[in-house]
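Report on one structure; see the data block that follows.
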Amino acid sequence: MGDVQAPAGLPAEMDAWVVARPGPMDTHPLESVRLPVPVPAPGELLVRVEVCAVCRTDLHLAEGDLPPRRPRTVPGHEAVGRVAALGPGTAGPPPGTRVGVAWLRSTCGECRHCRRGAENLCPSSTYTGWDADGGYAEYLTAPAAYVYPLPEEAGAAGLAPLLCAGIIGYRALLRADLPPGGRLGIYGFGASAHLTAQIAVAEGAAVHVMTRSAAARELAVELGAASVGGSTDSPPEPLDSAILFAPVGDLVPVALAALDRGGTLAVAGIHLTDIPALNYERHLFQERTLRSVTANTRADGRRFLELASVHRPRVTTTPYPFREADRALRDLAADRVEGAAVLIVGSGRGTV
Ligand SMILES: [Zn+2]
Ligand SMILES: [Zn+2]
90 MGDVQAPAGL PAEMDAWVVA RPGPMDTHPL ESVRLPVPVP APGELLVRVE VCAVCRTDLH
150 LAEGDLPPRR PRTVPGHEAV GRVAALGPGT AGPPPGTRVG VAWLRSTCGE CRHCRRGAEN
210 LCPSSTYTGW DADGGYAEYL TAPAAYVYPL PEEAGAAGLA PLLCAGIIGY RALLRADLPP
270 GGRLGIYGFG ASAHLTAQIA VAEGAAVHVM TRSAAARELA VELGAASVGG STDSPPEPLD
330 SAILFAPVGD LVPVALAALD RGGTLAVAGI HLTDIPALNY ERHLFQERTL RSVTANTRAD
390 GRRFLELASV HRPRVTTTPY PFREADRALR DLAADRVEGA AVLIVGSGRG TV
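The opening residue of the sequence shown carries number 90 in our numbering; numbering runs sequentially from there.
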């Protein structure tokens, strides 16, 4: 991009982090770099990032569980910022508009999945921070049709985790087929789970949280969980639905065994360790269903952000200065983060 001029009034270079050498966090896979401020293509926006939340998928990318799709990509797909410039022929939103840039970056719009409203399954879909540079940077570009307008009244740090943790958790809740007033089990209680639990509680569910973290169990009780237990404990009643947020395949049979007849388990993560052998009688018979969750549609995102503006879930965040992005990921790898880690990138007013 060296021959392309940065839009007027913008700096030529910016601070960013790239995944330089995918591997365990203690081998320092992330590198802090200076990059040219990207130039928005036709249909794209240039967004000045204020806050980017840290998702477990960023960790999978840094550690190489998800193989890189291009070298030295800037991770991050929960970016809250403001439109700084529009690419040629881009219709809007105008500069200054507060927007969120999330995981789903583009889809083809033409394949059978896109045409039937399942654009999350589009084989040509691309993802922010994987196929294109993401939000661990002062600026990023994104197709205008895939960003979400965000309300002005909330703080950026509280909005950022909604963009993946919130949206994907909401899709997992839809995939778990929770009946009205039903009994929902949640396995693992990090960023996504604590948002999903609040939406489920607000909509009348009895939510049982199973997690190994004592701090997370305490938070779950504060947020209205009906019961809490250790990660392999049985909930006090059979479950209509369960969501596995922990990336731990060993918990699949545990959660399936906790389901009532006809219950559904949705696996929320993009990555899961191997699932041990299942016993048909104990884990699947009586029409129990095991489902995966793959990204989300824009419609899921819009519906969730609307629900969040009604129910206003409490978003627990742990802020990190931008220069300490690698520490945030190390803490996430070691399960030392309460709620969602958020990188404070820009100095926008009312950021935190
Ligand atoms: Zn498609
Ligand atoms: Zn994510």
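Built from N, CA and C at the ideal position, the CB exists for glycine as well.
**Asked** Counting pairs of Cβ atoms below 8 Å between the stretch 216-225 and the stretch 186-198, do you hit three or more?
**Response** Contact holds between the stretch 216-225 and the stretch 186-198, because three or more Cβ pairs, one in each stretch, are under 8 Å apart.
* Can you list, in chain order, every residue whose CB sits closer than 7 Å to a heavy atom of ligand 1? -> Going along the chain, the residues that qualify are 196, 197, 198, 199, 200, 202, 203, 208, 211, 212, 213 and 214.
- Sequence-distant residues of its chain with Cβ nearer than 6 Å to residue 351 (five each side left out): Leaving aside the five residues that flank residue 351 on each side, the residues in its chain whose CB is nearer than 6 Å to its CB run, in chain order, 376.
Proximity test, residue 433 beta-carbon vs ligand 2 heavy atom, cut-off 8 Å: No.
**Prompt:** If you follow the alpha helix (DSSP H) that residue 396 is part of, which residue opens it and which one closes it?
**Reply:** Boundaries of the alpha helix (DSSP H) around residue 396: 387-400.
In whole angstroms, what is the alpha-carbon distance linking residue 201 and residue 282?
-> About 31 Å.
ask   = Under the DSSP definition of a beta bridge, which residues are partnered with residue 420?
value = The beta-bridge partner set that DSSP reports for residue 420 is empty.
_Cβ-based burial, residue 91 [other Cβ within 10 Å; buried from 16]_ = Interpretation of residue 91 is limited by its pLDDT of 41, a score under 50 that renders its predicted location unreliable; the figure taken from the coordinates is listed afterwards. Looking at its Cβ environment, which holds fewer than 16 other Cβ atoms inside 10 Å, residue 91 is exposed.
**Item:** Between the CA atoms of residue 225 and residue 166 - distance to the nearest angstrom
**Value:** Across the structure, residue 166 and residue 225 are spaced so that their CA atoms are roughly 8 Å apart.
ask   = Do you know offhand how far residue 412's Cα is from residue 430's?
value = Approximately 14 Å, taken between the alpha carbons.
(message) Using only the alpha-carbon positions, how far apart do residue 440 and residue 246 sit?
(response) For residue 440, the pLDDT reaches just 42, beneath the cut-off of 50, and the residue's location in the model is therefore unreliable, although a value from the coordinates is still provided. One alpha carbon belongs to residue 440, the other to residue 246, and they sit about 6 Å apart.
Check: If you drop the 5 nearest sequence neighbours on each side, which residues of the same chain put their C-beta closer than 8 Å to that of residue 111?
Finding: Hits under 8 Å: 118, 150, 151, 152, 153, 156 and 157.
> To which residues does DSSP link residue 171 through a beta bridge?
Replying inline: Beta-bridge pairing links residue 171 to 137 and 187.
| Does DSSP classify residue 281 as helix, strand or coil? | Under the three-state reduction of DSSP output, residue 281 falls in the helix class.
Could you tell me whether any non-hydrogen atom of ligand 2 is closer than 8 Å to the CB of residue 192?
-> Correct: residue 192 has its Cβ closer than 8 Å to ligand 2.
ask   = In angstroms, rounded to a whole number, what distance separates the CA positions of residue 129 and residue 356?
value = Their Cα atoms are separated by approximately 35 Å.
Residue interval of the beta strand (DSSP E) (run including residue 442) = The requested residue 442 is not part of the displayed model; the chain covers only 90 to 441.
- Decide if residue 306 is buried, meaning its Cβ has at least 16 other Cβ atoms within 10 Å, or exposed. With 16 or more other Cβ atoms within 10 Å, it is buried.
Worksheet item: Taking C-alpha atoms, which residue in 432, 143 and 100 lies nearest to residue 123?
Response: For residue 123, the nearest C-alpha among the options comes from 100.
Find the nearest neighbour of residue 186 within the set 138, 204, 161 and 213, judged by alpha-carbon distance.
Looking at the Cα atoms, 138 is the closest of the given residues.
**OP:** Apply the 10 Å Cβ neighbour rule to residue 116 and answer buried if 16 or more other Cβ atoms are within range, or exposed otherwise.
**Re:** By the 10 Å Cβ count, residue 116 comes out exposed.
**Message:** Could you give the first and the last residue of the continuous beta strand (DSSP E) run that contains residue 271?
**Reply:** From DSSP, residue 271 is part of no beta strand (DSSP E); its letter is neither H nor E.
Mind checking which residues open and close the alpha helix (DSSP H) that includes residue 202? 201-204 is the extent of the alpha helix (DSSP H) around residue 202.
- prompt: Between the stretch 301-320 and the stretch 363-380, do at least 3 Cβ pairs fall closer than 8 Å?
  reply: At 8 Å Cβ cutoff, the stretches do not touch.
- prompt: Is residue 147 near ligand 2, judged by its Cβ being under 8 Å from some heavy atom?
  reply: If you check the C-beta of residue 147 against ligand 2, you find a heavy atom less than 8 Å away.
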